Amino acid sequence: MNILITGGCGFVGSALIKDLLAQGHSITNIDTQWFGINLEDHRKLINIKSDIRNIEGIDFQGFEAVVHLANIANDPGVELNQNLSWEVNVLAGKKLIEQAIKNNIKKFIYASSGSVYGIKDEKDVTEDLDLVPISTYNKTKMVAERLFLSYSSQIDFYALRPATVCGLSPRMRLDVSVNLLTYQALSKGKISLFGGSQIRPNIHIKDMVNAYKHLLFNNVKPDIYNAGFENYSLREISEMIQKKTNCSIEVTNNNDPRSYRQNSDKIISTGFEKKYSVQDAINEIVEAYNKKQIIDKDIYYTVKWMKKLGLNN
Ligand SMILES: NC(=O)c1ccc[n+]([C@@H]2O[C@H](COP(=O)([O-])OP(=O)(O)OC[C@H]3O[C@@H](n4cnc5c(N)ncnc54)[C@H](O)[C@@H]3O)[C@@H](O)[C@H]2O)c1
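The working numbering puts the first residue of the sequence shown at 1, with every later residue one more than the last.
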């Protein structure tokens, strides 16, 4: 398949592209390369260094699907420059989907976020529950979903609402919860938890990649799908890491109220199978750290790096 990916140099995108290329697909990747390229040269890969806000000169002909990942991809990153965030996370998406429709691209798959639900007490947070986004990041995700949905009579539109992704990637992120806590345990021998009772859903990066592939290659009904399979409190995740690393756990006051569980039965009912776990991600990070394959770098932290790039004004 000939696929256009935005944000393919990122944490999720670089893992997805590596996998798709290995399966023989042709990829064109539009990315500002803020966090580096993170992809090896490949005869079936075209990297276009561009901002998705400026796609006018890019040829959209011949693609069968778009996977749209390029966003300012976390809460504090979005707060750094709200105008930039609304432009990238929402307005640029309008041009993208319109170009896709104009060029008869069949599928448009959008990386939304499970965080659109906000705080939810329900045991099963399914796709039909109200969205109560708390942060600006969550709001941009919700508004972009609505924007894309308004085009759904003209293109097969899919929104995935992923949980927090964990595990190793060519573009490593150490600011996502399981990765962050495991790295803290390994580098400091101690995990510092704010609160710890907040429940968060998780997804292993290989399952994340497989979820995008599932929507790309199977005849799944265009719709909105949760993709989060293990709902754990941060305390529970920390205890899993403690068992593996013998670290200590220090709990301080909670400054982040977001707490929700995700139910992903809907995507499972379309034939998707979860194969990996949070425990796998912890084990993989510990192994990579012990082999000195992960060392602390500012580029692994979205906000720190965006500030260095001057993207905060
Ligand atoms: N990582 C997670 O836990 C998670 C969870 C839910 C949803 N998501 C969503 O998945 C997508 C990918 O997340 P990620 O973790 O890979 O983030 P990331 O920050 O690692 O990757 C985002 C990529 O997009 C690029 N980019 C940003 N703005 C751009 C622009 N204006 N034009 C072109 N390229 C641009 C960046 O250079 C980067 O390579 C995002 O939309 C994110 O909101 C991620």
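Every residue, glycine too, gets a C-beta built ideally from N, C-alpha and C.
As the structure is a prediction and not an experimental result, all values here were calculated from the model.
Assign residue i to one of three DSSP states: helix, strand, or coil.
i: E127; result: coil
i: V132; result: coil
i: T32; result: coil
i: H204; result: strand
i: T270; result: coil
i: L69; result: coil
i: L309; result: coil
i: K190; result: strand
i: V209; result: helix
i: E56; result: coil
i: I294; result: coil
i: E64; result: coil
Considering residue i, what are the terminal residues of the alpha helix (DSSP H) in which it resides?
i: R235; result: 234-245
i: P76; result: 75-80
i: L20; result: 11-22
Indicate whether residue i and residue j have their beta-carbon atoms separated by less than 9 Å.
i: S192; j: R235; result: no
i: Y117; j: L131; result: yes
i: E287; j: K190; result: no
i: I55; j: E145; result: no
i: I299; j: F35; result: yes
i: I282; j: N226; result: no
i: L91; j: R53; result: yes
i: R261; j: D75; result: no
i: R171; j: G13; result: yes
If you draw a straight line from the alpha carbon of residue i to that of residue j, how long is it in whole angstroms?
i: A100; j: V66; result: 8 Å
i: A245; j: I295; result: The residue you asked about is not Ala; residue 245 is Thr in the sequence shown. So the two alpha carbons sit approximately 17 Å from each other.
i: I5; j: I155; result: 16 Å
i: Y137; j: H25; result: 32 Å
i: I140; j: K188; result: Reading the sequence as shown, one finds Thr at residue 140 and not Ile. The alpha-carbon atoms of T140 and K188 are separated by roughly 35 Å.
i: I3; j: S248; result: 45 Å
i: G7; j: Q293; result: 24 Å
i: T270; j: Y212; result: 13 Å
i: N290; j: I241; result: 15 Å
With residue i as the anchor, note down where its beta strand (DSSP E) starts and where it stops.
i: A227; result: 224-227
i: A159; result: 156-162
Would residue i be called buried (16 or more neighbouring beta carbons within 10 Å of its own) or exposed?
i: F337; result: Nothing about residue 337 can be read from this structure; the chain reaches only from 1 to 313.
i: S150; result: exposed
i: K275; result: exposed
i: E320; result: Because the chain here runs from 1 to 313, residue 320 falls outside it and cannot be looked at.
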